[in-house]
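Engineer: Going by my numbering, the first residue of the sequence shown is number 199, and it counts up by one from there.
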Amino acid sequence: LATWQKFDEMPQELWHWYQYRWGICREASPNKGHHALVELESLVPGGIDLVTQNIDGLHRQAGSDTTRLCEIHGRIDEMRCDERVEGACLYGLDLNDPANLEKARATVVKTPKPAKNEKNERLPKCAKCGVRQRPKILWFDECYNEALYRSKTALEATKQCDVLLIIGTQLTTGLPSRMVQTAQESGATMIRMDPLVDLADPKSAGMLHVQAKSGEALPKIVSELRALLKEPLIAPIAKLDKAAAIPAGSPAAGSKSMSASKATLRSSSSPKLPPLASASSSKPTGNGQLSTPPSSPPKTPPKSPAGSSSSRSSVSGSAASRTSLKAAAAMTLKQEVPRASSVSGRSGGSTRPSASAAKVTTKISHGPSKSNSTPMAFFVYGTLRPDDDSGAAWTKTFCEGLNAESATLSGASMYIDGSYAAVSLEQTRCSVRGVLLSVPQSAAAAKLFAEKLAEADSIEGYPSLYDRTIVTVRIASGASRQA
199 LATWQKFDEM
209 PQELWHWYQY
219 RWGICREASP
229 NKGHHALVEL
239 ESLVPGGIDL
249 VTQNIDGLHR
259 QAGSDTTRLC
269 EIHGRIDEMR
279 CDERVEGACL
289 YGLDLNDPAN
299 LEKARATVVK
309 TPKPAKNEKN
319 ERLPKCAKCG
329 VRQRPKILWF
339 DECYNEALYR
349 SKTALEATKQ
359 CDVLLIIGTQ
369 LTTGLPSRMV
379 QTAQESGATM
389 IRMDPLVDLA
399 DPKSAGMLHV
409 QAKSGEALPK
419 IVSELRALLK
429 EPLIAPIAKL
439 DKAAAIPAGS
449 PAAGSKSMSA
459 SKATLRSSSS
469 PKLPPLASAS
479 SSKPTGNGQL
489 STPPSSPPKT
499 PPKSPAGSSS
509 SRSSVSGSAA
519 SRTSLKAAAA
529 MTLKQEVPRA
539 SSVSGRSGGS
549 TRPSASAAKV
559 TTKISHGPSK
569 SNSTPMAFFV
579 YGTLRPDDDS
589 GAAWTKTFCE
599 GLNAESATLS
609 GASMYIDGSY
619 AAVSLEQTRC
629 SVRGVLLSVP
639 QSAAAAKLFA
649 EKLAEADSIE
659 GYPSLYDRTI
669 VTVRIASGAS
679 RQA
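1. Buried or exposed: where does F577 fall if 16 or more other Cβ atoms within 10 Å of its Cβ makes it buried?
2. How is G272 classed by DSSP in three states: helix, strand or coil?
3. Between Y579 and V621, what straight-line distance do the alpha-carbon atoms span, to the nearest angstrom?
4. Just how far apart, CA to CA, sit P495 and S656?
5. Rounded to whole angstroms, what's the CA-CA distance from L299 to I270? Just pull it up for me.
6. Applying the criterion that 16 or more other CB atoms from any shown protein chain within 10 Å of the CB defines a buried residue, is F647 buried or exposed?
7. To the nearest angstrom, how far is it from the Cα of T264 to the Cα of A386?
8. So, helix, strand or coil for H564, using DSSP?
9. Mapping DSSP to helix, strand and coil, what is F577?
10. Out of E658, P417, V395 and A415, which one is the CA nearest neighbour of H407?
11. Secondary structure at I432, three-state DSSP: helix, strand or coil?
12. Are three or more beta carbon pairs between the stretch 243 to 251 and the stretch 323 to 331 nearer than 8 Å?
13. State the Cα-Cα distance for the pair T611 and I389, rounded to the nearest angstrom.
14. In whole angstroms, what is the alpha-carbon distance linking D275 and N252?
15. With burial defined as no fewer than 16 other Cβ atoms inside 10 Å of the residue's Cβ, what is the status of D254: buried or exposed?
16. Counting only beta-carbon atoms, is L623 nearer than 9 Å to chain C?
17. Of the choices V361, L363 and L353, whose alpha-carbon is the least far from that of Q377?
18. Give a yes or no on whether the C-beta atoms belonging to T305 and C324 are separated by under 9 Å.
19. Report yes if the CB atom of P638 is closer than 9 Å to the CB atom of N601, and no otherwise.
20. Buried or exposed, going by whether 16 or more other CB atoms sit within 10 Å of the CB of I222?
21. Between the beta-carbon of P312 and the beta-carbon of W202, is there less than 9 Å?
22. Can you tell me which of V236, G290, D392 and L291 puts its alpha carbon nearest to the alpha carbon of L267?
23. Taking the continuous alpha helix (DSSP H) assigned at D585, which residues delimit it?
24. Check this for me: beta carbons of C628 and L346, under 9 Å apart or not?
25. Rounded to the nearest angstrom, what separates K317 and Y216 at their Cα positions?
26. Relative to the alpha-carbon of A433, which residue among T667, S675 and L623 has its alpha-carbon at the smallest distance?
27. So what does DSSP say about S384, is it helix, strand or coil?
28. Just to confirm my understanding: we take M277, look at its own chain, exclude 5 residues before and 5 after, and list those with CB closer than 7 Å. What are they?
29. For F596 and K645, which I take to be in contact (beta-carbon distance under 8 Å), what is that distance rounded to the nearest angstrom?
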């Protein structure tokens, strides 16, 4: 029924059907997901562009910024002249020509309220040209256009975005699929939120996944973001348990006994914040690193933080001067709970061509395991990741013989100084995404781990450039592992 051809064959009957649907939509109200997106507009510097496939108008009703809203499949509460009918106001008009935008939009009017008795429904006619009206809805046998559906605006906004948030759509229609392709080509981070996650689906490639209903997950994300923006720009260093250092005499310690950290650890009077497992952070190098700057400056100079404020909001969304967060919502916003990303997910800076991206680490608050043995695993977040595509010569060799699982390190931030990356353990809600590389159990496990650790130390420049400690990471299944 949702085609122009069918409407042209039986316009009166189809009009009854759409008025029936309009009557149902009139009873609907925005849910918590709609309201969370409205709040997100004020939290993201520069605001967000919202691209929706919904035709119910609930985003407008929730208070979304209509100047940044692209309703690419139209609205059921609006009607217009039928440009394919001879004599209509828009007949023969190019609806993608900027010169015709205002003329086309001027023909859009509100749909009358559904009649209480369906027998009284009459197909309206245009007051200006007398030709039949039609719902302002994009049908399956029609093409997107800028005048009525703002399709060009949606694609242009996608080209400029840092993050593409995909909510509840299966990406089966043309424009949303093109938006994903555009975001992939521009290097934007893509996050897909849906109750159903199929990692084998080719359309899921290169995305982070939140298996959740938007009405449940979006308010939590907004709440965590609001709290994160209140943190200092440079969060206080976490107070490491000295017992978390790799014990002297263990295969990992080599001939030297090492302290918990080469950096001077600053204790803070503020309480440790609970971690947000689904967040990640990439920040300019500053005080509170576990790394020592290289003796020679990097080839790419570090970027200065935007603004002079000490809050995190002063740098949020500044990457590549792009501040738009895109949301492609589906026919209905649903509600759900976050799930860890697949191994293919990237952390900030993980594709930079630097060796400074891996370290032996687990959770700051836990210390050693009950057996007091060194965990034979590495948490890697850069060129030592098996999915790194920077072309580093050592990636493949280092990962050989190790088991890989996606993992998240909570209470940590990634700092990037030019092409040098380092993770700092801090009192923060941020997390760093990476990969847990573990040594398979065997009689030769200790020997393999010692060899891999020595290799990592050589690549990373330990101890002159980086330090290491034992931390706890969370893998995709939700279980905790030491590394």
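The beta carbon of each residue, even a glycine, is placed where N, CA and C say it ideally should be.
Structural biologist: So, from the data block:
1. buried
2. strand
3. 9 Å
4. Reliability of the predicted coordinates at P495 is poor, the pLDDT of 30 falling under 50, and the value obtained from them is presented with this limitation in mind. Answer to the nearest angstrom: the Cα atoms are 20 Å apart.
5. 15 Å
6. buried
7. 24 Å
8. Residue placement at H564 is poorly supported in this model, since its pLDDT is 37, which falls under 50; the coordinates are not used for a value here.
9. strand
10. V395
11. coil
12. no
13. This sequence places Ser at residue 611; Thr is not what is there. If you take the alpha carbons of S611 and I389, they lie about 19 Å apart.
14. 12 Å
15. buried
16. The chain inventory of the structure shown lacks chain C, comprising one protein chain alone.
17. At residue 377 the sequence reads Met, which differs from the Gln that was named. It is L353.
18. yes
19. yes
20. exposed
21. no
22. V236
23. Where D585 is concerned, there is no enclosing alpha helix (DSSP H), given that its DSSP letter is neither H nor E.
24. no
25. 14 Å
26. L623
27. helix
28. V307, T309, P322, Q331, R332, P333 and K334
29. About 16 Å; that fails the 8 Å criterion.
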